[in-house]
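Report on the structure given below.
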Amino acid sequence: MSDQLVRNLERQVDQLTSRFALQDLTSDYCHGFDKRDWERFLAIWWEDCVWEIGPPFGTFTGHDGIRRAVKDVLWPAWKASTHFTTNLRVTFDGPDRAEGVCDVDCIGTTSDGQAQTVSATYRDRFERRGGLWKIKLRNVTMHHFSPLVGITLSAPR
Amino acid sequence: MSDQLVRNLERQVDQLTSRFALQDLTSDYCHGFDKRDWERFLAIWWEDCVWEIGPPFGTFTGHDGIRRAVKDVLWPAWKASTHFTTNLRVTFDGPDRAEGVCDVDCIGTTSDGQAQTVSATYRDRFERRGGLWKIKLRNVTMHHFSPLVGITLSAPR
Amino acid sequence: MSDQLVRNLERQVDQLTSRFALQDLTSDYCHGFDKRDWERFLAIWWEDCVWEIGPPFGTFTGHDGIRRAVKDVLWPAWKASTHFTTNLRVTFDGPDRAEGVCDVDCIGTTSDGQAQTVSATYRDRFERRGGLWKIKLRNVTMHHFSPLVGITLSAPR
């Protein structure tokens, strides 16, 4: 049994652990945004991050930009939302950098009371700094953002 | 190369294996419920489990409670359903205990023939006993449970 | 510390790595199909694969069959689609063979401009050859494929 073999195992286990950490970031985006847990949402972004939401919202940079996007624009725009992230595909570019692409299905109600369906793709650049993975860049391509005409979403009582 | 290094790897691999085992439980909930595979559904719960479904269904305890909830209440209430679980976020509290939060999107048809959309969050307490992970507690928060007015769901022929 | 212990770790790490590789195949199916990335889509299938789509599409075999199904039938039938794969449950049958079952939620617009909702289950046979996992067989059970009457899907501008 060689040192080389154990070193190799360590490298593989590190990458598997990273895979789950990246998945956790995409999950925390949903939990933080939908459950209006600001600390959880902010914690997924590096301070020098870029969030390219695209039309009609634009691009936001840094923690200040994230704060403005969420607190001034997006939370006021939604009465309730649930995002479901799937299909996360990760490509590592060294041990501390990775690119990801995932798809999100979202259903919710905008502040005007209209139920909406949204489908989008997120393209991410992740970086690990000081042992911690966070998002450096999230680019959004929206496939549709459309009213569920005639449908009202409400919780059972 | 030290024993310590290999022990550390073992601990990490055990946690990665547990992560997949917990994901499997959330998947088996969906496969078991939607495909009406009772053995698969029951196998995810410890005998002393609690299932807090909330309004309008209430709380069910133990395998007898699970059986009543599913066979007497929920299966009769749905003609067909598909649950999609995403965003599973796990926090370990020791090697044999973990908490999880995940979101579920569900579309189906209730027994009255009405298509429905459901969105909910599951908060779980998982325990490993004798090497096996199962659910000790599942708490459900329903965000909406609403009719897809004007829509009829059917399979192609 | 024994060789046996490290061999055992290697086997476990190989299976964890395989789990992610299989998940990647189910993700690439969605990314390849929906983003019309033919190379990515084709790369998930072994040359001697079988794709049992079922009614009303039928069964397709080999890369030629996949090409015909996608390029002649399915892409022309959809103006836009997004597939969300969840609940992947894997059972290994040796180190190089596995069975999977997962559920897919799909929303999109058929070529006639009608918004659609689809729910299906994929049952897969995966094989690893030369260190690479691909799909040998994908069987589709469609739960519904139904028009979202009165709803129009479009991207924001």
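Residue numbers (the numbering used here), protein chains in the order written: chain W, 1 to 157; chain D, 1001 to 1157; chain U, 2001 to 2157. By construction, the Cβ of each residue, glycine as well, lies at the ideal position given by its N, Cα and C atoms.
Simplified DSSP state of residue i, which is helix, strand or coil
i         : result
U/Ile2107 : strand
D/Arg1157 : coil
U/Gly2113 : coil
D/Ala1069 : helix
W/Ala80   : strand
U/Asp2064 : helix
Extent of the continuous alpha helix (DSSP H) run through residue i
i       : result
W/Arg11 : 3-34
For residue i: DSSP bridge partner residues
i         : result
D/Thr1059 : D/Glu1052
D/Ile1135 : D/Trp1045, D/Phe1126
D/Glu1099 : D/Thr1091, D/Arg1125
U/His2143 : Paired residues: none, contrary to the question.
U/Val2118 : U/Cys2106, U/Phe2145
U/Thr2086 : U/Asp2103
With 16 other Cβ atoms within 10 Å as the buried cut-off, status of residue i
i         : result
W/Gln4    : exposed
D/Thr1152 : exposed
D/Asn1178 : In the structure as shown, chain D begins at 1001 and stops at 1157. Residue 1178 of chain D is therefore absent and cannot be evaluated.
U/Arg2188 : There is no way to answer for residue 2188 of chain U, as the model of chain U reaches only from 2001 to 2157.
D/Ala1098 : buried
U/Ala2120 : buried
W/Leu16   : buried
U/Leu2160 : This structure does not reach residue 2160 of chain U, given that chain U is present from 2001 up to 2157, and the question cannot be answered.
W/Asp34   : buried
D/Ser1154 : exposed
U/Arg2157 : exposed
W/Phe48   : A small correction: the amino acid at residue 48 of chain W is Asp; Phe does not occupy that position in the sequence shown. Classification of W/Asp48: exposed, given that the 10 Å Cβ count is below 16.
D/Arg1019 : buried
U/Ser2146 : buried
D/Ser1027 : buried
U/Gly2032 : buried
U/Asp2072 : exposed
U/Asp2093 : exposed
CB-CB length for residue i against residue j, believed under 8 Å
i         : j         : result
W/Arg89   : W/Val104  : Between W/Val104 and W/Arg89 the Cβ distance is about 13 Å, and since that is not below 8 Å, they are no contact.
U/Leu2148 : U/Thr2117 : 6 Å
D/Leu1025 : D/Trp1133 : 6 Å
U/Phe2060 : U/Trp2051 : 5 Å
D/Leu1142 : D/Gly1065 : As written in the sequence, residue 1142 of chain D is Met, which differs from the Leu given in the question. No, D/Met1142 and D/Gly1065 are not in contact; Cβ-Cβ is about 19 Å, not under 8 Å.
U/Ala2069 : U/Ser2111 : Rounded, the Cβ-Cβ distance is 16 Å, inconsistent with contact.
U/Thr2086 : D/Phe1084 : 4 Å
D/Val1013 : U/Val2013 : 6 Å
D/Lys1079 : D/Thr1109 : 4 Å
U/Asp2096 : U/Arg2128 : 4 Å
W/Gly150  : D/Gly1150 : 6 Å
Any non-hydrogen atom of the ligand GTP closer than 6 Å to residue i Cβ
i       : result
W/Trp75 : Questions concerning the ligand GTP fall outside what the structure shown contains, since it holds no ligand whatsoever.
Test: residue i CB closer than 7 Å to a CB of chain C
i         : result
D/Ala1098 : Structure shown: chain C not included; protein chains present are W, D and U.
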